[in-house]
Amino acid sequence: RGEAETHRSLLLSSLLPSAACDKASPTGLKTATTLDLTHKHGPCSPLGPKSQTSPAQILQQDKDRVNWLHSRLTTTIDVERRSGRKKRPRLSDSAVTVPARDGSLVSSGNFIVTVNLGTPPRPLNLIFDTGSDVTWTQCQPCAKFCHKQLDPIFDPAKSATYSNVSCEQAVCQRYGDVPGVSRGCSASTCLYGIQYGDKSFSVGFLAKEKIAIGRDSFDDFYFGCGQNNLGLFGGSAGLLGLGRDEFSFVSQTASKYGKFFSYCLPSTPSNVGKLTFGKGGYSNRVKFTSLLTKPELPSFYFVDVVGVSVGGKKLTIPASIFSSAGTLIDSGTVISRLPPTAYAAIRAEFRKQMSRYKLTEALSLLDTCYDFSNFTTISVPKVSFVFGGGVELAVAPAGVLYGGSKKQICLALAGNGDDGD
Amino acid sequence: VAILGNVQQMTQDVVYDVAGGKLGFGSGGC
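As given, the protein sequences belong to chains A and B, one line each in that order.
To convert a position in the first sequence, counted from 1, into my numbering, add 9.
To convert a position in the second sequence, counted from 1, into my numbering, add 756.
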């Protein structure tokens, strides 16, 4: 009985990918503003099986994503130091002012939603991302480069409600202030450029268009009409930016939804989740903690992690370990990254409680892996994060372990390089 | 910074009340 309160017994098969899509999930809760949310690489993905990627590749791309997130902080500081005040680089000199860094925005752990753009509406499968602000899609005529995507590439010439933004408009100036965005001008037409590292970017026209989700539509939605798009976008048509900036989808639809949204990510790629805008659509079990901001990283959603428990044991980790660098919540990062002091404590306790199982070699950034070849059912310690106000996130079993086969399933957490990161 | 990734968010209702400055978690959302 004691173990039932601190551990979960689970079928190994529930952790491994399935070839079939279980569409049953939350569709019963669907409302006008709730969208299906699918894993980019699973059998439910509208992008199809061609986009499937191995766990090792996903983890490598996840490293790139985290490097990019960390570089956002150092880039901001660099620019501020050079100019003496906060300043965003122009598109024309972005190569000088934004250091080239490893990393790509779009890792393989991303989720897809479908929106409609233009008049008549064209469906587009976009990556849903709380870690960036700009919504963009590939646009005809793809003047420089468009990657392969599932949907027909959006053609502004076939929409009755599309218009480019001119350089003289104030919105063009302000778009250049979006974190990570550079702006430019070509023949009086406003250009945007979003550069995520040394591999992923989108450059094109800043435009205004009608966008629809479910039965709701919004005129004059500002988005990037990409003419040069390169990166690990895996068949998607672009990105839906759900960050905090004034040009994010969340801010541009604030008049209707009041900057209120929620989501549920499915436990496996074989299930469907949901993304809801506006109040409602979530369970009454939800408990709230404070959403924090960091002035140097204004796009991101920060939370106040104060502790972690493993198998019902609250670990002794000084609160300052979490508070010194802060913690952001991101839909685009796969594996949580913790201060190394905190991760070391979790790993030690997890290994102790999992000592009946055989450790095996590391999987990329995951260093606590087990060979469960001889098991069909295993017992796993419950892992919980505790936030300010006593709110607890009891991680689902699918969020404690990660792997591609029974021979190598790992603790799905990793440490940062330094407690100050 | 530390990052709370999407694997740990799976099956949770994650609720953003940006204007109200609150973030909610609830188990068993999907």
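Heads up, the beta-carbon is just placed ideally off N, CA and C, and yes, glycines get one too.
In this text the structure is predicted, and so the values were computed from the model without any measurement.
I need the DSSP call for residue i, collapsed to helix, strand or coil.
i	result
residue 62 of chain A	coil
residue 73 of chain A	helix
residue 295 of chain A	coil
residue 359 of chain A	helix
residue 23 of chain A	helix
residue 223 of chain A	coil
residue 48 of chain A	strand
residue 131 of chain A	strand
residue 370 of chain A	coil
residue 397 of chain A	helix
residue 16 of chain A	strand
residue 253 of chain A	coil
residue 90 of chain A	Only weak support exists for where residue 90 of chain A lies, its pLDDT of 48 falling under 50; the value from the coordinates is given anyway. Looking at residue 90 of chain A - three-state DSSP - the assignment turns out to be helix.
residue 354 of chain A	helix
residue 162 of chain A	coil
residue 242 of chain A	coil
residue 214 of chain A	strand
residue 349 of chain A	helix
residue 260 of chain A	helix
residue 80 of chain A	helix
residue 32 of chain A	coil
residue 300 of chain A	strand
Assuming residue i is part of the beta strand (DSSP E), what are its boundary residues?
i	result
residue 328 of chain A	It is not in any beta strand (DSSP E) - residue 328 of chain A instead sits in the alpha helix (DSSP H) that spans 328–332.
residue 340 of chain A	Taken as a continuous stretch (DSSP letters only), residue 340 of chain A belongs to no beta strand (DSSP E), as it is neither H nor E.
residue 119 of chain A	Neither: residue 119 of chain A is in no beta strand (DSSP E) and is coded neither H nor E.
residue 417 of chain A	417–420
residue 375 of chain A	First-last for residue 375 of chain A: undefined, no H or E at that position.
residue 312 of chain A	306–312
residue 204 of chain A	198–204
residue 390 of chain A	386–390
residue 287 of chain A	From DSSP, residue 287 of chain A is part of no beta strand (DSSP E); its letter is neither H nor E.
Of all the CB atoms in chain B, is at least one closer than 7 Å to the CB of residue i?
i	result
residue 150 of chain A	no
residue 325 of chain A	no
residue 121 of chain A	no
residue 168 of chain A	no
residue 376 of chain A	no
residue 347 of chain A	yes
residue 393 of chain A	no
residue 274 of chain A	yes
residue 355 of chain A	no
residue 284 of chain A	no
residue 408 of chain A	yes
residue 6 of chain A	Chain A is shown from 10 up to 430; residue 6 of chain A falls before or after that span and cannot be answered.
residue 352 of chain A	no
residue 32 of chain A	no
residue 339 of chain A	yes
residue 389 of chain A	no
residue 19 of chain A	no
residue 256 of chain A	no
residue 117 of chain A	For residue 117 of chain A, the pLDDT reaches just 47, beneath the cut-off of 50, and the residue's location in the model is therefore unreliable, although a value from the coordinates is still provided. No, residue 117 of chain A lies away from the interface with chain B (no Cβ there is under 7 Å from its Cβ).
residue 24 of chain A	no
residue 413 of chain A	no
Please confirm whether residue i has its beta-carbon closer than 7 Å to some beta-carbon of chain A.
i	result
residue 769 of chain B	yes
residue 765 of chain B	yes
Tell me the residue span of the alpha helix (DSSP H) that contains residue i.
i	result
residue 184 of chain A	179–184
residue 407 of chain A	406–409
residue 263 of chain A	263–266
Excluding the 5 residues preceding and the 5 following residue i in the sequence, name in chain order all residues of the same chain whose CB lies nearer than 7 Å to its CB.
i	result
residue 288 of chain A	269
residue 168 of chain A	127, 128 and 218
residue 256 of chain A	142, 143, 184, 187 and 231
residue 91 of chain A	Only weak support exists for where residue 91 of chain A lies, its pLDDT of 47 falling under 50; the coordinates are left without a value.
Is residue i near the ligand NAD, going by C-beta to nearest heavy atom under 6 Å?
i	result
residue 395 of chain A	Among the components of this structure there are no ligands whatsoever, and the ligand NAD is therefore not found.
In chain order, what residues of the same chain lie with their CB nearer than 6 Å to the CB of residue i, ignoring the 5 residues before and after it?
i	result
residue 254 of chain A	142, 187 and 308
residue 771 of chain B	780
residue 372 of chain A	378, 417 and 419
residue 37 of chain A	Legend: pLDDT at residue 37 of chain A = 42, less than 50; position of this residue unreliable, value from coordinates given subsequently. Excluding sequence neighbours, residue 37 of chain A sits near nothing in its chain.
Identify, in the order they occur along the chain, each residue of the same chain with its Cβ nearer than 8 Å to the Cβ of residue i, setting aside the five sequence neighbours on each side.
i	result
residue 159 of chain A	55, 56, 57, 134, 244, 245 and 246
residue 349 of chain A	424, 425, 426, 427 and 428
residue 382 of chain A	415 and 416
residue 181 of chain A	174, 175, 192, 194, 199 and 215
residue 82 of chain A	305 and 306
* Asked: Within the chosen definition, does the stretch 771–779 of chain B reach the stretch 265–275 of chain A through at least 3 CB pairs nearer than 8 Å?
  -> Contact between the stretch 771–779 of chain B and the stretch 265–275 of chain A is present: 3 or more CB-CB pairs across the two stretches fall below 8 Å.
* the stretch 362–369 of chain A in contact with the stretch 330–340 of chain A per 3-pair CB rule at 8 Å -> The answer is no - the stretch 330–340 of chain A does not touch the stretch 362–369 of chain A, with fewer than three Cβ pairs under 8 Å.
* Is the stretch 310–320 of chain A touching the stretch 379–397 of chain A in the sense that three or more CB pairs, one from each, lie closer than 8 Å? -> Judged by Cβ distances under 8 Å, the stretch 379–397 of chain A makes contact with the stretch 310–320 of chain A, as three or more pairs qualify.
* Examine the Cβ distances between the stretch 418–426 of chain A and the stretch 235–245 of chain A and report whether three or more of them are shorter than 8 Å. => At 8 Å Cβ cutoff, the stretches do not touch.
* At least three beta-carbon pairs within less than 8 Å, the stretch 238–246 of chain A to the stretch 194–213 of chain A -> Yes, since at least three Cβ pairs between the stretch 238–246 of chain A and the stretch 194–213 of chain A fall closer than 8 Å, the two stretches touch.
* Segment contact, 8 Å Cβ cut-off, at least three pairs: the stretch 163–178 of chain A with the stretch 276–288 of chain A -> Not touching, per the Cβ criterion.
* Do the stretch 126–141 of chain A and the stretch 216–225 of chain A touch if we need at least three Cβ pairs shorter than 8 Å? -> Yes: at least three Cβ pairs fall under 8 Å.
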